[in-house]
Amino acid sequence: MAISVQNLLKERKYPFLFALLILLIFATFTLLTNTQSPIATTTADAATDLNQSQPKPIASSPPSDSNPTSQLSSQNSAVSPNVDAPSDMELKWRICDGAVAVDYIPCLDNFKAIKALKSRRHMEHRERHCPRPSPRCLIPLPPGYKVPVPWPKSRDMIWFNNVPHPKLVEYKKDQNWVRKDGDYLVFPGGGTQFKDGVNHYIDYIEKKTVGGKPLMELNRILRPGGFFIWSATPVYRNDERDRNVWNAMVALTEAICWKAVAKTFDSSGIGLVIYQKPASSSCYEKDQDKIRPLCDQNRWPNSSWYVPLDSCLPPLPRASMGSSFQWPAPWPERLSRKPPSLPTEPDAEEIFYEDTKHWASLVSDVYLEGLAINWSSVRNVMDMNAGYGGFAAALINLPLWVMNVIPISGPDTLPVIFDRGLIGIYHDWCESFNTYPRTYDLLHSSFLFRNLSQRCDIIDVAVEMDRILRPGGFLLVQDTMEIINKLSSILHSLHWSITVSQNQFLVGKKGFWRPDGRMRI
């Protein structure tokens, strides 16, 4: 007679069979759980942290050898084209969607933040309003986008489809500034204020310069003794509005001790005035009641990143102590001379010259000869962490220019950049850069990402690099293999081609690929 399970439990018979049954049920459940198919890790906006999925190779140290060619020649397999992405995760990208998506600048086109402003009286809507979190979408290409016209032809014409703004042409149709000619936007080099051409205008200004000093320095803050050139309608027109602006300008320049060294007009009737900033504080000390107050140097010493504007004057060298401000050497000697703003530490000068020597060797022996970069197609270059500007100085004989970026989280070397006659800017790479998409032909960084990845996600930085680099442009990174592996994984997901050399140099080339999905901005 069959024995039911209920009776079996009640009568507590066959204890061995009961225990075996329980064990069988548990084993079956465990087996079914472990044999289920794993779910692929995906994210709609690429938000997964790469640090958990990346293998951890032994990180290499920054090279100390000032002659990197010895390292390059000593390695048999120095170049590894199209390195396989080491990540086992998938990054699912989407394209930015919106009225300004093609020209989207995240920190300047944050319309939600701009609409929430209480006032625009002081141009608050022109300030940076970076979205939080940063949008992880890719900028679309304009329809019909082409590889840019090469330099120097690009100085005079560009592809219209690369900058498809017909309203600009319509707005300037009566001026000799820009016109559409077939598939091109053509720049004749003139305009309302340059009827005889820009070159003629520059020659005219140079003839009015006092003492032969350079009219304008490539720096954001005018040097003591430097010049400001103002050519605007209040200078050469006499209607009521322009007179009021001119009177206000006269009052302001007197209040900051600026001296008008020239005011004149050219043959076309366009006028200009040249002001000179004082070289010492003697004017400040002489008439303190009429002069703007001096800034407190302990308040924001040498700060300019997200610092509110102020109406005070920065102190100048005191006349009683003699002028302690030193102008840099004339160009091009200033590029390689000791900068006046170099720190006063005993070994600062030696470090500067060694840095210059290191970059000259690295650029000539490795960057220009040993890497997969077509330098003939490169015109607009950015050094993402420029230091003393050695990378830009080493490229000075090539037909290109370099924007030297000084990260705000590192040493402040921007004064040295300007003393060398180079151009530069502060920036925080955890935020978007103030430039249009597809601005640069080449981005360069040297051991930037190790410290940067401790402050923000490296994926966001990769999205920004993809935004500001044009299709066909190059990314050149010198870093540890740990960082290179992480970057390679992200760049592969963006359909970039990757080459790794010497276990420390990554060259990425951006293509024309854009995803299908969309993300509203």
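Numbering (the UniProt record's numbering), first residue to last: 1 to 521. Beta carbons are placed, not taken as given, at the ideal position from N, Cα and C, and that holds for glycine.
Cα atoms of S453 and W177: separation of roughly 44 Å, rounded to the nearest angstrom. In this structure, L443 keeps its C-beta atom at 8 Å or more from the C-beta atom of V378. Within 10 angstroms of the beta-carbon of R467 lie 16 or more other beta-carbons, which makes it buried. By the neighbour-count definition (other C-beta atoms within 10 Å, threshold 16), V307 is an exposed residue.
With 16 or more other CB atoms across the displayed protein chains lying within 10 angstroms of its CB, M382 is buried. By the Cβ-count criterion, P332 is exposed, with fewer than 16 other Cβ atoms from all chains shown falling within 10 Å of its own Cβ. Here S280 is near L316, since their CB atoms are less than 8 Å apart. Taking 8 Å as the cut-off, the Cβ atoms of F474 and I373 count as close.
Assigned with DSSP and collapsed to three states, G390 falls in helix.
Within a 10 Å sphere around the beta-carbon of T413 sit 16 or more other beta-carbons, which makes this residue buried. N503 places its beta carbon less than 8 Å from that of M481. In this structure, DSSP gives W159 an extended state, which the three-state scheme calls strand. Annotation note: the segment 423 to 465 contains the following uninterrupted alpha helix (DSSP H) runs of length 4 or greater, listed N- to C-terminal: 449 to 452.
The Cβ atoms of E431 and C96 lie no closer than 8 Å to each other. Check the Cα spacing between R337 and each of G421, E285 and A113: the tightest is with G421. A direct Cα-to-Cα measurement between D296 and S231 gives close to 32 Å. In the DSSP assignment, L294 forms a beta bridge with L313. A distance of 8 Å or more separates the beta carbons of P407 and L141. In the DSSP annotation of this structure, the continuous segment of the beta strand (DSSP E) that includes I95 starts and ends at I95 to D97. Bounds of any beta strand (DSSP E) do not take in V102, whose DSSP letter is neither H nor E. Within the model, the alpha-carbon separation for D460 versus S361 is close to 32 Å. Distance from the CA of S134 to the CA of K153, rounded to the nearest whole angstrom, comes to 36 Å. Judged by beta-carbon spacing, A101 lies within the 8 Å limit of I139, meaning their Cβ atoms are closer than that value. For D355, the uninterrupted alpha helix (DSSP H) segment begins and ends at A348 to L362. A straight line joining the alpha-carbon of E90 with that of C456 spans about 20 Å. With fewer than 16 other beta carbons inside 10 angstroms of its own, R450 counts as exposed. Under DSSP, S497 shares a beta bridge with K509. Here D239 carries a coil assignment [DSSP, helix/strand/coil].
Only buried fits S489, as 16 or more other CB atoms lie within 10 angstroms of its CB. Spanning the alpha carbons of T356 and I396 requires a straight line of approximately 12 Å. Where Y306 is concerned, there is no enclosing beta strand (DSSP E), because DSSP gives it neither an H nor an E. For the pair Y236 and V250, the Cα-to-Cα distance works out to about 14 Å. Assignment of M519 by DSSP, reduced to helix, strand and coil, places it in the strand class.
Taking 8 Å as the cut-off, the Cβ atoms of Y367 and L476 count as close. With respect to the 8 Å criterion, K486 and W496 are not classified as neighbours on the basis of their beta carbons.
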